[in-house]
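K.L.:
2 protein chains.
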Amino acid sequence: MDTKCDAGNWSVDAYLRGCASRTVLEALANKWTCLLIDALRHGPLRFGVLRRKLDGITQKSLTQTLRVMERDGIVIRTVYPTIPPRVEYELSDLGRSVAGLMEGVKRWSEEHVDEILTAREAYDLRAQEEPRPVPVA
Amino acid sequence: MDTKCDAGNWSVDAYLRGCASRTVLEALANKWTCLLIDALRHGPLRFGVLRRKLDGITQKSLTQTLRVMERDGIVIRTVYPTIPPRVEYELSDLGRSVAGLMEGVKRWSEEHVDEILTAREAYDLRAQEEPRPVPVA
DNA sequence: CGGTATCCGCTGCGATACTG
DNA sequence: CAGTATCGCAGCGGATACCG
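Sequence order for the protein chains is A and B. Read in this note's numbering, the first sequence has 118 at position 118, and its numbers run on one by one without any break. Read in this note's numbering, the second sequence has 190 at position 53, and its numbers run on one by one without any break.
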């Protein structure tokens, strides 16, 4: 018997509410997590470098997100006992195994931003004029 | 001059706060969006089917998420004027172009759930015993 | 069936201040 | 430099009720 999901006989399936893989999906499906994994693809980076690279992130969000990723075994945190202090974050093997996917999501966003913006404008324009189609004839 | 980001001369880069591709990334980096795109990979599905498939989603969240995806041109909503009403959602070409990525994220979550759970246990155990390493010798 | 409308509790997140 | 601690508000998501 397994404990990844809470009901008796089942399969690992993120569609299921109780399945632990759902929590993994939730951890990945986060803009900061996605950008952090992508940012760390080419090697370790310091906290301050990450903060500047992820434009707009607060120190608190960065710390929190990195902590969750460290707990999940996605990143490795290394403290160098120097003055001033120096902390580096790098992807673990596990983290590297998902980095391609996260890079893909980021790149897709950048490559299709024009189509999305166009779709949004068209939708908003239609929403002004026509009322939204409602079920029932 | 372009309008995808708000500063003058720049590149499309989701790392930048003002860049429109950041909003696209935010739209994708959402557990329900990810699962919905994956669920619709093999063809149109009705609202009620989706609600049952995405275990734990509320009607409100499902409606909201689908609306955003429709606005972004990821899904197409079709109303059949029958009684009882019937509304189907399907991926657009744009949506299909990102479906592989979303399937990958879902599958990665399922395939690595064991490693993640083990990492979490180890982390939580360490957190009880050792105090967290702090910067500065 | 597939919504919309409303209320509402919780927490996620930003802002700020402080520390080893 | 890389955090931690605290406060306070906005917004999200759940619960419920109603509708075409």
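No residue lacks a Cβ here, since even glycine has one placed at the ideal position from N, Cα and C.
Taking buried to mean at least 16 other C-beta atoms within 10 Å of its own C-beta, is Tyr-80 (chain A) buried or exposed?
P.N.:
Tyr-80 (chain A) comes out exposed.
K.L.:
Can you tell me where the beta strand (DSSP E) with Val-212 (chain B) in it begins and where it stops?
P.N.:
That run of the beta strand (DSSP E) goes 212 to 217.
K.L.:
Taking 8 Å as the CB-CB cut-off, is Ala-119 (chain A) touching chain B?
P.N.:
Chain B, which has a Cβ nearer than 8 Å to the Cβ of Ala-119 (chain A), makes this yes.
K.L.:
What residue range does the alpha helix (DSSP H) around Arg-257 (chain B) cover?
P.N.:
250 to 266 is the extent of the alpha helix (DSSP H) around Arg-257 (chain B).
K.L.:
For Ile-253 (chain B), return the contacting residues in chain A, with the cut-off set at a CB-CB distance below 7 Å.
P.N.:
Here the neighbours are Val-24, Asp-72, Gly-73.
K.L.:
At the 8 Å Cβ level, is Glu-129 (chain A) part of the contact set with chain B, yes or no?
P.N.:
For Glu-129 (chain A), the answer is no, since every Cβ of chain B falls outside 8 Å of its Cβ.
K.L.:
If you draw a straight line from the C-alpha of Tyr-123 (chain A) to the C-alpha of Thr-170 (chain B), how long is it?
P.N.:
Each residue's Cα considered, the two are about 18 Å apart.
K.L.:
Taking the CB atoms as reference points, tell me whether Asp-38 (chain A) and Leu-153 (chain B) lie closer together than 8 Å.
P.N.:
No. Outside cutoff.
K.L.:
Quick one: what's got a C-beta closer than 8 Å to Gln-59 (chain A)'s C-beta in the same chain, skipping five residues either side?
P.N.:
So the list reads Arg-51, once near-sequence residues are dropped.
K.L.:
Near Met-138 (chain B), which residues of its chain fall below 7 Å by C-beta distance, leaving aside the five closest residues on each side in sequence?
P.N.:
Bear in mind that a pLDDT of 47 at Met-138 (chain B), under 50, signals an unreliable position, so the number given afterwards is only what the model happens to contain. Nothing listed; no residue qualifies.
K.L.:
Extract the residue ranges of the alpha helix (DSSP H) inside the segment 23 to 54 of chain A, only unbroken runs of 4 or more that lie entirely within it.
P.N.:
Correct list: 31 to 39, 47 to 53.
K.L.:
Would you kindly check if the distance between the Cβ of Ala-151 (chain B) and the Cβ of Glu-109 (chain A) is under 8 Å?
P.N.:
The sequence given here has Ser at residue 109 (chain A), not Glu. It is a contact, given that the beta carbons lie within the stated cut-off.
K.L.:
Using a 10 Å radius around the Cβ and a threshold of 16 neighbouring Cβ atoms, would you call Leu-262 (chain B) buried or exposed?
P.N.:
Label assigned to Leu-262 (chain B): exposed.
K.L.:
Can you name the start and end residues of the beta strand (DSSP E) that Val-224 (chain B) belongs to?
P.N.:
Element bounds for Val-224 (chain B): 223 to 228.
K.L.:
Smallest Cα separation from Met-206 (chain B): which of A:Ala-119, A:Gln-128, A:Arg-46, A:Ala-127?
P.N.:
Closest by alpha carbon: A:Ala-119.
K.L.:
Step through the CB atoms of chain A and report whether any lies within less than 8 Å of the CB of Lys-190 (chain B).
P.N.:
Cβ-Cβ to chain A under 8 Å: yes for Lys-190 (chain B).
K.L.:
Report the neighbours of Arg-17 (chain A) on chain B: residues whose CB is nearer than 8 Å to its CB, in chain order.
P.N.:
Those within 8 Å of Arg-17 (chain A) in chain B are Asp-192, Gly-193.
K.L.:
Tyr-226 (chain B) CB to nearest chain A CB: under 8 Å?
P.N.:
With 8 Å as the cut-off, Tyr-226 (chain B) does not count as an interface residue toward chain A.
K.L.:
Enumerate in chain order the residues of its own chain whose CB-to-CB distance from Met-231 (chain B) is below 7 Å, with the five nearest sequence positions on each side excluded.
P.N.:
The identity of residue 231 (chain B) in the sequence shown is Leu, whereas the question assumes Met. Hits under 7 Å: Gly-210, Ile-211.
K.L.:
Give a yes or no on whether the minimum CB-CB distance between Leu-182 (chain B) and chain A is below 8 Å.
P.N.:
Chain A, which has no Cβ nearer than 8 Å to the Cβ of Leu-182 (chain B), makes this no.
K.L.:
Would Ala-157 (chain B) be called buried (16 or more neighbouring beta carbons within 10 Å of its own) or exposed?
P.N.:
Buried: at least 16 other Cβ atoms inside 10 Å.
K.L.:
Thinking C-beta only, is Arg-178 (chain B) closer than 8 Å to Arg-228 (chain B)?
P.N.:
Looking at the sequence itself, residue 228 (chain B) is Leu, so the reference to Arg does not match. Going by C-beta atoms, Leu-228 (chain B) is nearer than 8 Å to Arg-178 (chain B).
K.L.:
Does Ile-194 (chain B) pass the burial test, meaning 16 or more other C-beta atoms within 10 Å, or should it be called exposed?
P.N.:
Buried, because 16 or more other Cβ atoms sit within 10 Å of the Cβ of Ile-194 (chain B).
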